[in-house]
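Sequential numbering of the sequence shown, starting at 2, is according to this note's numbering. Don't be surprised by glycine CBs; every beta carbon is placed ideally from N, CA and C. Encoded as structure tokens, the structure appears first; notes follow it.
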Amino acid sequence: MHSCMYPEGVNTMSKPFIAVPLGDPAGVGPEIVAKSIASREVFREANCVIVGDKTIMENAVRITGTNLAIHIIGDPAEGDYREGVLNLIDLANVDMEQFQFGKVSGMCGKAAYEFIAKSIELANAGKVDAVATTPINKESLRAGDIPYIGHTEIFGALTGTQDPLTMFETNGMRIFFLTRHVSLRQMLDMIQRDRIIDYVKRCTTALRKLGVSEGTMAVAGLNPHSGEHGLFGWEEVEEITPAIEQLQKEGYAVVGPIGADSVFHQAALGKYNSVLSLYHDQGHIAAKTLDFEKTIAITNGMPILRTSVDHGTAFDIAGKGIVSAVSMIEAILLAAKYAPNFKK
2 MHSCMYPEGV NTMSKPFIAV PLGDPAGVGP EIVAKSIASR EVFREANCVI
52 VGDKTIMENA VRITGTNLAI HIIGDPAEGD YREGVLNLID LANVDMEQFQ
102 FGKVSGMCGK AAYEFIAKSI ELANAGKVDA VATTPINKES LRAGDIPYIG
152 HTEIFGALTG TQDPLTMFET NGMRIFFLTR HVSLRQMLDM IQRDRIIDYV
202 KRCTTALRKL GVSEGTMAVA GLNPHSGEHG LFGWEEVEEI TPAIEQLQKE
252 GYAVVGPIGA DSVFHQAALG KYNSVLSLYH DQGHIAAKTL DFEKTIAITN
302 GMPILRTSVD HGTAFDIAGK GIVSAVSMIE AILLAAKYAP NFKK
């Protein structure tokens with residue numbers, strides 16, 4: 002990648018290169034991308050390479066009134082990374098005659114997938130340092146005959162990663178998830194000693210890759226008051242505590258189980274470097290109550306770094322220019338923050 006100077010003489014090469022796929026064109030992805038690229042904070046911290054469709058991007062710039070100059074490139078090295086310029090790899094894959102805002106569409110699902118696949122290709126080739134993703138629609142993916150249900154599955158397949166790890170970061174609080182998209186009934190069967198041991202080890206490795214090697218991980222309790230020694234459930238006694246004791250014997254900095262009603266608060270105050278949440282909503286509620294817009298998902302355990310907004314396509318407000326870009330800006334900033342350590 003060649004370097005290019007700003008007028009103030011700052012070298013753009015000192016900033017990480019972040020690929021940003023546009024997401025579902027019928028949703029708010031293009032608008033939050035336009036608003037993010039227009040943000041001073043993003044300009045200061047990252048060189049963004051947008052992967053999308055030129056007409057969709059031109060529309061988004063007009064709708065948001067961001068007044069960005071769109072610069073079409075074939076490769077990140079061709080970018081013009083001055084303020085006010087949006088560098089776009091144009092896949093020209095949306096037929097505007099068929100296009101409608103806020104509608105499930107196979108064409109848009111397929112386009113969204115192609116934007117992501119191209120972004121992953123750039124990251125796999127080392128042409129960008131990370132990928133920050135925008136919302137996609139599961140029904141549109143299906144309508145477009147894309148064989149994956151969501152981002153994590155696409156990234157897993159296209160990077161050859163078996164079981165990517167999701168981590169949330171909200172105002173410095175980090176949360177991992179032992180189980181995610183399963184019913185509460187199924188989740189209980191997955192609270193197993195070996196699974197907890199495996200996850201804590203993988204989460205520790207993931208944190209180190211992000212440059213977090215200090216501090217202790219806490220495992221959340223499952224039952225009220227972590228079961229009170231079997232009074233309200235045996236999972237802590239039979240599975241969770243033995244797993245933590247085994248990990249401590251092996252030298253891992255992990256404690257718990259700590260009541261889920263207090264562990265997230267303690268982590269937010271900095272007592273723990275991360276929390277292993279035992280199920281989807283346990284950690285989601287904690288993160289989103291702390292700061293809904295700044296809850297960012299980071300997918301770990303892959304050869305490339307990926308951050309993501311944690312909101313949907315917002316079809317109901319797409320095309321209106323009113324969507325908040327706070328989450329997208331935060332996703333790009335986190336990608337830029339962790340990229341240098343991740344590359345090492």
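Specify, as a first and last residue, the run of the beta strand (DSSP E) that residue i falls within.
i, result
"E170", "166 to 171"
"M97", "M97 -> no beta strand (DSSP E), and no H or E assigned at all."
"F18", "18 to 22"
"N301", "297 to 301"
"A131", "131 to 134"
"R307", "307 to 310"
"R175", "174 to 178"
"D91", "86 to 91"
"H285", "Not the beta strand (DSSP E): H285 falls in the alpha helix (DSSP H), residues 281 to 291."
"A315", "From DSSP, A315 is part of no beta strand (DSSP E); its letter is neither H nor E."
"I71", "70 to 73"
Leaving out five residues before and five after residue i in sequence, what residues of the same chain have Cβ atoms less than 7 Å from its Cβ?
i, result
"R203", "L166, G302"
"A93", "D54, K55"
"L159", "A118, I121"
"A332", "A133, I297, T308, S309, V310"
"I64", "E32, G320, G322"
"E115", "L92, N94"
"K139", "I150, G151"
Just mark residue i as buried or exposed, buried being the case when its beta carbon has 16 or more other beta carbons within 10 Å.
i, result
"P148", "exposed"
"E98", "exposed"
"H152", "buried"
"P26", "buried"
"K250", "exposed"
"N48", "buried"
"F293", "exposed"
"T135", "buried"
"G271", "exposed"
"S106", "buried"
"V183", "exposed"
"I150", "exposed"
"T171", "buried"
"P77", "buried"
"E42", "exposed"
"P304", "exposed"
"P17", "buried"
"T290", "exposed"
"S15", "exposed"
The ligand COA heavy atoms versus the CB of residue i: any closer than 7 Å?
i, result
"H72", "Among the components of this structure there are no ligands whatsoever, and the ligand COA is therefore not found."
Under 6 Å Cβ to Cβ from residue i, same chain only, skipping five residues before and after it: list those, please.
i, result
"F44", "E84"
"D81", "H72"
"N88", "V50, H72, I74, G80"
"A336", "I19, A131, A133, T308"
"R181", "H281"
"Q193", "E240"
"H226", "G260"
"A254", "T217"
"A61", "P31, E32, A35"
"E9", "Note that E9 has pLDDT 46, beneath the 50 cutoff, so the model's placement of it is unreliable and the number below is only indicative. No residues qualify anywhere along the chain."
"A287", "F265"
"V86", "A70, H72"
"G228", "G234, E237"
My assumption, with CB atoms under 8 Å, is that residue i sits in contact with residue j. Please give the rounded CB distance.
i, j, result
"I197", "L179", "7 Å"
"G222", "E237", "6 Å"
"I51", "V21", "5 Å"
"T205", "V256", "Between V256 and T205 the Cβ distance is about 13 Å, and since that is not below 8 Å, they are no contact."
"S328", "K295", "7 Å"
"T314", "G30", "7 Å"
"S141", "G110", "3 Å"
"F316", "G127", "Rounded, the Cβ-Cβ distance is 35 Å, inconsistent with contact."
"F156", "G284", "Not quite, the Cβ-Cβ distance comes to about 20 Å (not below 8 Å), so this is no contact."
"L248", "Y200", "With 8 Å as the limit, L248 and Y200 do not qualify as a contact, their Cβ atoms being about 10 Å apart."
"N274", "R175", "7 Å"
"A268", "A219", "6 Å"
Within the continuous alpha helix (DSSP H) that includes residue i, where are the two ends?
i, result
"N60", "55 to 65"
"A319", "Looking at the DSSP string, A319 is not in any alpha helix (DSSP H), and its letter there is neither H nor E."
"R45", "41 to 46"
"A158", "152 to 160"
"V276", "That residue, V276, is in no alpha helix (DSSP H); its beta strand (DSSP E) goes 275 to 278."
"A118", "107 to 125"
"K139", "139 to 144"
"I147", "No alpha helix (DSSP H) holds I147; DSSP gives it neither H nor E."
"E32", "30 to 38"
"E331", "327 to 344"
Looking only at its own chain, which residues have a Cβ that is under 8 Å from the Cβ of residue i, when we skip the five neighbours before and after it?
i, result
"G66", "G322"
"D96", "M108"
"M191", "L179, T180, V183"
"N125", "L159, T160, P304, I305"
Whole runs of the alpha helix (DSSP H) within the stretch 187 to 271, excluding any shorter than 4 residues:
194 to 210, 242 to 250, 261 to 269
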